[in-house]
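This report concerns only the one structure given below.
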Amino acid sequence: MKGKLIASLAFLLLGVAALAQTVRISGTVVDAVGPVIGASVIESGTNNGAITDLDGNFVLNVRPGATIEISSIGYKTQVIPVGTRTTFNVTLEDDTELLEEVVVVGYGVQKKKLVTGSTVQVKGDDLVKINSTSALGAMQASSPGVSIMNASGQPGDGYNVNIRGMGTIGSYEPLYVIDGVTGGDINSLNPSDIESIDVLKDAASAAIYGARGANGVILITTKQAKEGSYTVTYDGYYGIQNVQRMTEPLNAQQYMDIQDQINFNMGRPLTDWASILSPSLYNSIKDGSFKGTNWLDEIRNPNAPTQNHAVNVIGGSDISKFSLGLSYTGQEGIFGKPAASKYERVTVRLNSDHVIWSKDGLDIITVGENLTFVQTKQNTVGTGDMYWNDIYNGLSGNPLVPVYNADGSYTEYDDLKNLGVWNLDPYTSNPVAGLYYRRGHNDNHGYALNMSGNIRVQPVKGLTWKSQFNYRMNSGSYRGYTLAFKLTDYDKSDNDIVSQSGWAGWSWSWENTVNWLFNAGQNHFDVMVGSTLEHSGFGESVNAQNSGVLWPNQWKYAYVGNTSGDPSKDDMGGSTWGDSGLASFFGRINYDYAEKYMLTLILRRDGSSNFMRGHRWGTFPSVSAGWVISNEDWWNVGAIDFFKLRGSWGQNGNCAIDNFQYLATVAVGEPTGGYSFYTGPTSTNSGTGSFANKLANPDVTWETSQQLDLGFDARFFRNRLNVVFDWYQKDTRDWLVNAPVMGHYGLDAPYINGGDVRNTGYEIAFNWSDARSKDFSYSFGVNAAYNKNIVTRIANEEGIFHGPGSVVQGIDELFRAQVGYPIGYFWTYDTDGVFQNQAEIDAWKAQGLGTIVENVVPGDLKFVDRNRDGKIDSSDKTMTGNPNPDWNVGLNFSVYFKGFDLGVSGYGMFGHQVFRSYRRYSDSQYNNYTTEVYKYWHGEGTSNRYPRLVAGTNYNFMNNSNIFIENADFFRIQTATFGYDLKRAWKKAPFGQFRIYVQAQNPFVFTKYMGLDPEVGSSAGFAGWAKGIDLGFYPQARTYIAGVNITFNGSNRKTTDAAAPANYNIPERIVEKLVERVKEVPVEVVKEVKVPASTFVGPYTDDLYFVLGKAEIRPDEAFKLGQIAQILKDNPDAKITVTGYADSGTGTASINQTLSEQRAQTVIDMLKKAGIAASRIISAAAGGDRDASRSPESNRVAVCIVK
Amino acid sequence: MKRIMKLAAVAALAFSLASCESFLDTTNYWGKDSSNFPANETDAQQMLAGIYNILNFGADGTSALTNHYVWSMAASDDALGGGGQNDPSMQAFDLLLNFGSDRYNLLYTDRYKGIARANAAIEAMPNCGVAELNQYMGEAFFMRAWYYYELASMFGNIPCPVESKADPTQPQISGEPLWAQILEDCKIAADIMPAKQSIGDGHVDKYAAEALMGRAYLFASGFYGISDFTLPAYENESIGVSIAEGTKLTKADVGAYITDCVNNSGYTLVPDFHNLWSYTNRCSIEDPLNPWAGKGYKWVEDDGARNPEAMFVVKFNTQPDWGTTVGYANEMAVFLGVRGQNSVGGDTMPFGQGWGMCPVNPSLVEDWKTLEPNDQRLDASIISIEKWPNYVIGTNGDSFIQETGYYQTKVMPVVAAKGDGTYWCSFTNAMYPGITWCAGAEDDMQRNCVNDMIMIRFAEVLLMDAEINGNQASFDRVRARAGLPSKPLNEENLRNERRWELAFEGVRFNDMRRYGEAYAVAALEKQQGVKIWTNGVQDTNNASKYNGGYGARYKATKGFVPLPASQIALSAGAGEEYRYSQNEGWGPEYEFAGW
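The structure is reproduced here in structure tokens:
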């Protein structure tokens, strides 16, 4: 592969000047996978050399006793004494030190090996392979420390993302930065648009984003413009999705049996089904012709399609280059019939880079721009709480009700009555019709434009000023239609209602940075200072609603303008949308000594308009350091190629609250605040009221997170095993929360700085990757992250933030944030099984333990009397579950063999619990159950977990307890992919790559969780800081996909093979270096030179290197003096020119002048000592650099030319 | 050096953008703030509406479960708790137990919102150039008194801020200082408001303030055994109020206000007691299924007419949106409505569906039949399910706790025929055809109860007149309207008269409490063992198994509810010395776990 990269340069294959008394040697240079083309083979101490040809062969004439050096970019240089051998088969080892991966660190990039913070990078190529609609979904298996939990499987819905644990109950989302523009939406990008995603996990790394870094930072770099001939890629797939695991509701007969059982258990007469159902319905159930309606199955959308098409064009010259991407994504939901659950996205992305002024190979002025536009459309069904959840309705709908009447219309309650008899439940509705009428008609459109332009000025090499102006625009619209319908007397809408809304907002930011790269000897500095100004401008929103669409029940005509316009039914509003600013100043110093000792200092100061003058400004420092132990001279552990220790400490902020918390605002004209004074008939006006609605908190200020991180990066076994480890402790202080204020203030709570939480954890990632040959390579990666979340302070006496009650109708508070516990833990009664018989009850009571009611009976739950006070009350409630996983684990495997590739990725979460209830117990006994109901107690020994089955409004069900809490550990195979590159079989195809593949997504989930999906990032519409509440969670689909990746190159200059393991892809910058290197090597193009024997033809050049700052030859260089002296002695006619140099990066010009003279003199003195006549020595001193582009060491030199 | 100079030059450019403090100043265009509000009469009117607004919050779906009116009915011997198994909070009201750690917090904070708005209005309105300042201010004082009356009745020992200042060190006060503040607010309101009857648009008048003063005085004096209240000193030039240190409010003073109200207010009794209540409206009363049909009853408020007896009402409107204030409709009526029956088929005519809370205590019916058998008010105030042949005990498929077979009739959803064999969930739809509701609320049984809810009625003032001033004529006037002859004006007769006249109007519990512990315990214990149905199965109301039952709980609590646990916790925020003390008789052991 590497060979291919410079295939076009192979003409440089050379013969080399032969010297007198030379020996002809030849050989082949290979690496692990094949010939190395273009490797240089140089006789040590000379500029006599050769370059290997297409097959890795070389021929060279060397002097006897010579030593040859074989080197090539990306490999470790080998030095071999020639001795008496004439053929050499050399195998070069990869030098990953040279494959310097670069990571994005905010306002710049850094060599990965020098990074001292904790970051994780996911490559765009790897994202694309997962074929997820969202880049976040594609990161789940490959970003330890970033917990990404699906918040809903409905297409277009998002993820619950937190980096290193929940840091607050306020805004806990990380900061997203897309191409340097803060605050974008990652889901607005197609994964194929993304070059890389870098996550800044520790505070020191995130400190460069100070005020908003407290929850970590996710930096997204879109595909960047590249020089070279045009490369066009097309990535496309089409797949079908189905439900991965169904939960079975009871069928009609089972339902009737269970209802009978309930009545029996309760001592009630059994339902006489024959008399309360119509004969036709009853008979059809009894004779089996009607099995009952599986409502969940009725709303299922089998074989829901998903597809994605992305075209990318990249190319340009060394003065102008661009990258263009277009994509379309379309995905239907697996549930949602007869309406639609659907997501569509179109993205357009363009960036380009232009060198305006270039001089002497230095690009002095460069301009560039980034532009992305996305348009999305989402149609949704209900996925909220029990009153707005179609999955829940599917699970709890009455199976005795047919979906349709004989005439094809939806069965309504009145139809049930009209069939003859329906004397069961007046609330019996039709979930499919309900979905269609109430929740099935909506369009959510979103439009987002992200654009930025930048100018970079580089007056001298190493110093760059960059100014970037960013503009972001977001707008959207919503249209929804509820049809007029009547399913029951209680589930109806007399009027149809159409509502529309629209909103638009914009923001700009301007950032200026100055970056200065310089070296002082082995001391390397990368200094950056900058400032940004951000302004979120006035957005506007407007909404309207009316009734009486002129084309009733026709969704496509359902616009407010198409209504009868009844002024009494209208409802409209409009408001401003944000006005806030952020001003920031920041600086960073990246320092390293010889790439061995690293230190990074960051300081950022931010001012936010969300706070009052005097409380606005926050300063966020960080320091981090690293030590590459493996670069120490004494390091001698063969198996360990690279070992870096790192540690960091830093502080970040969070200012994500609404503005004006510091003002005593007055609510005016709010519809909630009025009172209607009137006489006569009732009022249709709610009146206007005004009142101070919020306690001002002029002191409100930053939330601060402080984090300590210790870790190491290591590579073992010839760089094949890569290990990254981190331990961290993150303390988030002064959460911005609406903490309750004393009731007698009579005002709503303002945001205060109200709580602390500590997250502690560790992360470890192993990646083994081995390229056995050009045709066979494989890699395997596993990563794991552990996090423990403990609230350490809440700014009220109670130490509790309460979650809401009635998560399931009628139940008490389910989750809370409390000191000493993880955020959002489940606070319920504990149960210790089920009373099997009266003796157990008596024994329980004899111990003085309380029971939930006085007269418990066998089959009742044993509510644990934790304080043993003989009563069961809220003081017995405890933590019975934690929705935050302890462990997040990811796994990746891939193998490549002769054009075939196979990949598997998976992830798991462990140690967390989910609260699950697919029914509400309080309302109606006639909701359906799932087949789990058979696990309920129905006699001694039948269950020691679930209580006896009675109508749900019973203390066993109406009290939150651990019977609703389940372990939700799971491991999910995320993708399994098999592909083949047709280019392998059809070498003359006009493509760089033509890969076809098939993929199974989510084929297996290993879990004991009994619900639809164990990955529940949802709070079911309750407080945003909660999760793990499954009331009918929209599950992730199982998807089968077929797709292609096609690459077309404008020329064969370069090909990439996305299917091959990543380490096959040589980064562009390496290719550039390679080209430079080839240009640099001063080899003469001489096929054959005839030289008279024993005549010195010269010239012979050698470089003598000196110690820093001194005119003292480095001890390891001293032997060269002997060589030079010998040559001079062998060739009495020859003279030597000695020129001294000094590195101009160190010291003043005058010092350097003196030093260079002294260095030349040192050599002369030594030669004189060796007996060379002064007349044969010509001296010169250059003062400064021999070559400014070279390393400082190479400028501390005396160049000796003998001729 | 040259490079450093260049660097400095570029850095200076970058940092020259740095005049940032004003860049970060933003203006609030969404709503007003205290710096520019209130400024004028419109603002003052809106402030006033904001105070009354809390009345609607007391009537919304969430607050109704902790509403003072519903609580006082369920806690008293008027009614049991009722509702379904999922309404343990209602049964806990009845059993004088707690349910949930913060059971009463919403009620508590809502009332203080009203108080805070009143405090702000009292301070700010004199500067708004209001023409009728004394009327406006009087209403603010009245509303503050009203909200404190509810809080003081329920919690007993509470902070009592009368300034718009967030003061974490406000101490709990109780007894005389607390009730003197309430009485003073009534007195100021009565003193400053013009002697003019309200037009019935919902604004209170001088006479409502006098009536509230009487109600508050009777409770506080009886419960705490205080006859003269020392009013806190108060000066307010803008409304000409000056109450010196040590000023007393005596029984005679209160009596004079009541006399004024009886003689001068313009309020009067509705001739037939039935006609006070909405089930006698013209659209429902003559329905063949209406048990009261054919008796010539006619609601006084038909077609928006003024009820001459209603002195203080909660107004509703047709904009009860779930997203804003569902309390713009009377959710309390829905809570008390008939549980789980086919009301839209007329099975429970004239009453509509609701959640079946506060089922009438059968011993009230027994006492009434025994002690005042000819009282028209019994028929007018209570309906037995025996009147409804299709009524299903135990509901269809739903649970029903403490079902007694009796419903009160005063605050209920009232249905009316559509003409197609089904019924509007509210007669309002029939009486005002084509009336417009907020979207989605059309014919919605949860949001169509919008007729006024009477909080203070003139008959109560007449009974106060009898009690405080010993006016036999007022007493007889009330009895005569109920079709009853005169009776001697003594303690027992007066107590019974109030029990019959004001049943289910939210005053009985405080009456029981002020008559003394022995009276209250005896009255409450009459609920023990009455016949009920539990989920359709016949049962007896065995409250004694819950922490000793009614009497024991009353003795322990004196009828107060617990302070919200979160408020106690919050109170210590300014220092442990400010921590509220919990009311006696409350602790984790008095948690009701469910029937």
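Listed in order, the protein sequences are those of chains A and B.
Per numbering that gives the first Met the number 0, the very first residue in the first sequence carries number 0; after that it's consecutive.
Per numbering that gives the first Met the number 0, the very first residue in the second sequence carries number 0; after that it's consecutive.
Glycine included, each C-beta is placed from N, C-alpha and C at the ideal position.
- Quick one: list the residues of chain A neighbouring residue 202(B), beta-carbon separation under 9 Å, in chain order. Residues of chain A passing the Cβ test: 676.
- Going by the beta-carbon positions, is the gap between residue 427(A) and residue 418(A) smaller than 8 Å? Result no, Cβ atoms of residue 427(A) and residue 418(A) do not sit closer than 8 Å.
- residue 494(B) lies in the alpha helix (DSSP H); which residues open and close that run? Segment 490 to 500, the alpha helix (DSSP H) holding residue 494(B).
- Output the distance between the C-alpha atoms of residue 219(B) and residue 72(B), rounded to the nearest integer angstrom. A direct Cα-to-Cα measurement between residue 219(B) and residue 72(B) gives close to 19 Å.
- One or two residues paired with residue 237(A) in a DSSP bridge: According to DSSP, which records beta bridges pairwise, residue 237(A) is partnered with 306(A) and 1041(A).
- Message: Would residue 28(B) pass as an interface residue toward chain A - the criterion being a Cβ-Cβ separation below 8 Å?
- Response: At least one CB atom of chain A sits nearer than 8 Å to the CB of residue 28(B).
- If you drop the 5 nearest sequence neighbours on each side, which residues of the same chain put their C-beta closer than 6 Å to that of residue 174(B)? The answer, listed in chain order, is 223.
- Task: Could you tell me which residues DSSP pairs with residue 115(A) in its beta bridges?
- Result: In the DSSP assignment, residue 115(A) is bridged to no other residue.
- Is any beta-carbon of chain A found at less than 8 Å from that of residue 540(B)? So, not an interface residue.
- Task: For residue 650(A), count neighbouring Cβ atoms within 10 angstroms of its own Cβ and tell me buried if that reaches 16, exposed if not.
- Result: The residue is buried, with at least 16 neighbouring Cβ atoms inside 10 Å.
- Span of the alpha helix (DSSP H) around residue 466(B): DSSP places residue 466(B) in the uninterrupted alpha helix (DSSP H) bounded by 457 to 468.
- Query: Just the Cα atoms here: how many angstroms apart are residue 998(A) and residue 353(B)?
  - Reply: One Cα belongs to residue 998(A), the other to residue 353(B), and the distance between them is close to 55 Å.
- Task: Output, in chain order, the set of chain B residues within a Cβ distance shorter than 7 Å of residue 1210(A).
- Result: As shown, chain A starts at 0 and ends at 1202. That puts residue 1210(A) outside it, with no answer to give.
- Proximal residues, the region 225 to 252 of chain B versus chain A, C-beta separation under 7 Å: Residues of the region 225 to 252 of chain B that bring their beta carbon within less than 7 Å of a beta carbon in chain A are absent altogether.
- Message: So for residue 982(A), helix, strand or coil by DSSP?
- Response: Helix at residue 982(A).
- Taking just the CA atoms, how far does residue 494(A) sit from residue 475(A)? Their Cα atoms are separated by approximately 26 Å.
- Under a three-way DSSP split, which group does residue 988(A) fall into? If DSSP states are grouped into helix, strand and coil, residue 988(A) belongs with coil.
- residue 147(A) burial status per 10 Å Cβ neighbour count (16 or more: buried): When all chains shown are included, residue 147(A) counts as buried.
- Task: Can you tell me the Cβ-Cβ gap for residue 209(A) and residue 605(A), rounded? I've got them flagged as a contact below 8 Å.
- Result: Contact between residue 209(A) and residue 605(A) is confirmed by a C-beta separation of about 5 Å, below the 8 Å threshold.
- According to DSSP, is residue 209(A) helix, strand or coil? The three-state reading of DSSP puts residue 209(A) in helix, counting H, G and I together.
- Say whether the region 315 to 331 of chain A touches the region 272 to 283 of chain A, bearing in mind that this needs 3 or more beta-carbon pairs closer than 8 Å, one atom from each stretch. No: fewer than three Cβ pairs fall under 8 Å.
- Closest by CA to residue 569(A), which one among 684(A), 600(A) and 581(A)? Of the residues 684(A), 600(A) and 581(A), the one whose Cα lies closest to the Cα of residue 569(A) is 684(A).
- Query: CB-CB under 6 Å to residue 586(A), same chain, minus the five flanking residues each way: which ones, in chain order?
  - Reply: Cβ neighbours of residue 586(A) beyond the five flanking positions: 528 and 602.
- Message: For the region 675 to 705 of chain A, list every residue whose C-beta sits within 9 Å of some C-beta in chain B, in sequence order.
- Response: Considering only beta carbons, the part of the region 675 to 705 of chain A lying closer than 9 Å to chain B consists of 675, 676, 677, 678, 679, 680, 681, 682, 683, 684, 685, 686, 687, 688, 689, 690, 691, 692, 694 and 695, in chain order.
- Item | chain B residues whose Cβ lies nearer than 7 Å to that of residue 331(A) | None at all; the shortest Cβ gap to chain B is about 29 Å.
- Message: If contacts are defined as beta-carbon pairs under 8 Å, then residue 589(B) and residue 96(B) qualify, I think. What distance do you get, rounded to the angstrom?
- Response: Confirmed, Cβ separation roughly 5 Å.
- Are the region 227 to 239 of chain B and the region 248 to 255 of chain B touching, with three or more C-beta to C-beta distances below 8 Å? Touching, per the Cβ criterion.
- Work out the CA separation of residue 484(A) and residue 834(A) for me, nearest whole Å. Between residue 834(A) and residue 484(A), the C-alpha separation is close to 47 Å.
- If you check the beta carbons only, do residue 202(A) and residue 583(A) fall under 8 Å apart? No, the Cβ-Cβ distance between residue 202(A) and residue 583(A) is not below 8 Å.
- Item | Short-range partners of chain A found in the region 533 to 560 of chain B, where Cβ spacing is below 9 Å | Hits within the stretch, in order: 534, 535, 536, 544 and 545.
- Task: Could you tell me the boundaries of the beta strand (DSSP E) in which residue 712(A) lies?
- Result: That run of the beta strand (DSSP E) goes 702 to 715.
- Query: So is residue 261(B) buried or exposed if we call it buried at 16+ other beta carbons inside 10 Å?
  - Reply: By the Cβ-count criterion, residue 261(B) is buried, with 16 or more other Cβ atoms from all chains shown falling within 10 Å of its own Cβ.
- Query: Mind checking whether residue 327(B) and residue 411(B) have CB atoms under 8 Å apart?
  - Reply: With contacts defined by Cβ atoms closer than 8 Å, residue 327(B) and residue 411(B) do not form a contacting pair.
- Message: For residue 280(B), would you say it is in contact with chain A, using Cβ-to-Cβ distances shorter than 8 Å as the test?
- Response: Chain A contact via Cβ: absent.
- Query: Are the C-beta atoms of residue 846(A) and some chain B residue less than 8 Å apart?
  - Reply: No, residue 846(A) does not count as interfacial toward chain B.
- Task: Using only alpha-carbon positions, find the residue among 461(A), 199(A) and 565(A) that is nearest to residue 517(A).
- Result: Comparing Cα positions, the closest option is 461(A).
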